[in-house]
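A.B. asks: Structure in structure tokens, see below.
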Amino acid sequence: MRINVKHETTYRYDAGPRRVMQLLRLTPEDFEGQNVVDWSIDLNCDAKLRQKRDPHGNITHMLTVDHAPEELVITASGIVECDDSAGLVRGVRETLSPLTYLQVSELTQPNAAIAEFAADAIASKTSPLDKAHALLAAVYGHMKFETGTTNVTTSAAEAFANGNGVCQDLSHLFCAAARSQDIPARYVSGHLFRRDGENNQEASHAWAEAWVQDLGWVAFDPAHGISADDHYVRIAVGMDYRQAAPMVGTRMGGGMETMAVTATTSGRALRQSQNQTMGDMSQSQQ
């Protein structure tokens with residue numbers, strides 16, 4: 036798929052802040068099955084952007100705006116070509132051992148109920164890949180996708196107990212369940228070109244990756260019950276949402292603040308010859 040992405044964040048303040056500082060995780064990178072054709076970050080005012088890598092290998096930008104306007108608009112947009120690699124994630128810059136992602140965080144702490152749920156899900160499975168797929172099916176089957184019931188501070192345990200949430204919550208639960216069974220897993224943020232046409236959203240998408248012995252990282256989307264394919268644009272990874280969030284920061288002054296986000300995607304299929312060539316390269320998989 037050739038996917039067009041536009042992610043726009045608008046901050047409105049009572050008065051223009053003296054300074055705004057944000058860490059942005061908005062930029063995708065090239066790897067097997069994902070080719071960034073064009074990408075940019077634009078603002079509606081003068082600003083400084085400094086690019087670097089975070090500990091997880093994500094491309095980040097430190098944004099600094101002095102004397103920001105009362106309305107600050109940050110727009111990340113571009114074109115990404117994606118191939119269906121059956122969920123396999125290869126060729127990304129790995130800075131940490133997969134074992135790092137056995138650690139738990141506040142949002143992905145598995146309690147006894149999650150550990151029992153995960154153990155039951157994989158009880159009849161022997162291969163690492165089958166276990167990961169069993170966890171995907173279990174989370175997808177247990178959770179009802181429902182907006183307005185959780186927020187960015189909701190933990191996997193809370194969402195599991197309630198039985199509902201959004202893509203962030205299902206991804207947190209998948210990571211918690213996998214780690215409880217000694218399967219390294221990490222949270223992924225990015226964009227999804229949806230087959231149902233609902234491509235004007237109020238947030239970006241989230242899914243997870245599990246480390247499968249002899250295969251490497253494999254991407255699973257528990258919100259849809261599938262492995263990620265050529266409709267997914269991968270942006271950032273982390274232990275949970277907080278380490279892969281599109282942006283986080285602080286400001287000086289400005290009074291009260293509101294924030295609005297729109298994430299829009301559109302796409303079209305690549306030519307058959309391109310799909311075949313890229314497929315051959317990748318297989319050998321709020």
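Residue numbering for the sequence shown follows our numbering, beginning at 36 and increasing consecutively.
Note that the Cβ used here is the ideal one computed from N, Cα and C, for glycine as well.
Quick caveat, the model's predicted, so the values are computed rather than measured.
1) Measure the alpha-carbon distance for Thr45 versus Thr110 and round it to whole angstroms.
2) Leaving out the 5 sequence neighbours to the left and right, which residues in its chain are closer than 6 Å to Ala271 when beta-carbon positions are compared?
3) Candidates Val55, Asp165, Glu105: which alpha carbon is nearest Gln248's?
4) Pull up the CB-CB distance for Arg54 and Gly251, whole angstroms please, since I reckon it's below 8 Å.
5) With DSSP as the reference, identify every bridge partner of Ala254, one or two as the case may be.
6) Could you give the first and the last residue of the continuous beta strand (DSSP E) run that contains Cys117?
7) Helix, strand or coil, according to DSSP, for Lys166 in the structure here?
8) So, Ala212 versus Val174, is the Cβ gap smaller than 8 Å?
9) Would you identify the three-state DSSP class for Phe66, choosing helix, strand or coil?
10) Just checking my contact of Asp275 with Leu142 at CB under 8 Å: how many whole Å lie between their CB atoms?
11) Go through the segment 264-291 residue by residue and report every complete run of the alpha helix (DSSP H) that reaches 4 residues or more, in order.
12) Grouping DSSP H, G and I as helix and E and B as strand, with all else coil, what is Ser215?
13) Would you report the Cα separation of Val127 and Trp242, rounded to the nearest angstrom?
14) Count the CB pairs spanning the segment 191-198 and the segment 143-162 that are closer than 8 Å, and state whether there are at least three.
15) Taking the alpha-carbon positions, what's the Arg303 to Gly290 distance?
16) Judging by CA-CA distance, which residue of Leu78, Gln86, Asp118, Glu106 is the nearest neighbour of Asp326?
C.D. replies: According to the structure shown:
1) 9 Å
2) Arg60, Asn93, Ser224, Ala279
3) Ranking Val55, Asp165, Glu105 by CA distance to the CA of Gln248 puts Asp165 first.
4) Arg54 to Gly251, Cβ: 42 Å. No contact.
5) DSSP lists Glu244 as partners of Ala254.
6) It spans 106-117 - the beta strand (DSSP E) in which Cys117 sits, taken as one unbroken run.
7) helix
8) With contacts defined by Cβ atoms closer than 8 Å, Ala212 and Val174 form a contacting pair.
9) strand
10) 4 Å
11) 276-279
12) helix
13) 17 Å
14) yes
15) 43 Å
16) The displayed coordinates of the chain run from 36 to 321. Any statement about residue 326 would go beyond what the structure contains.
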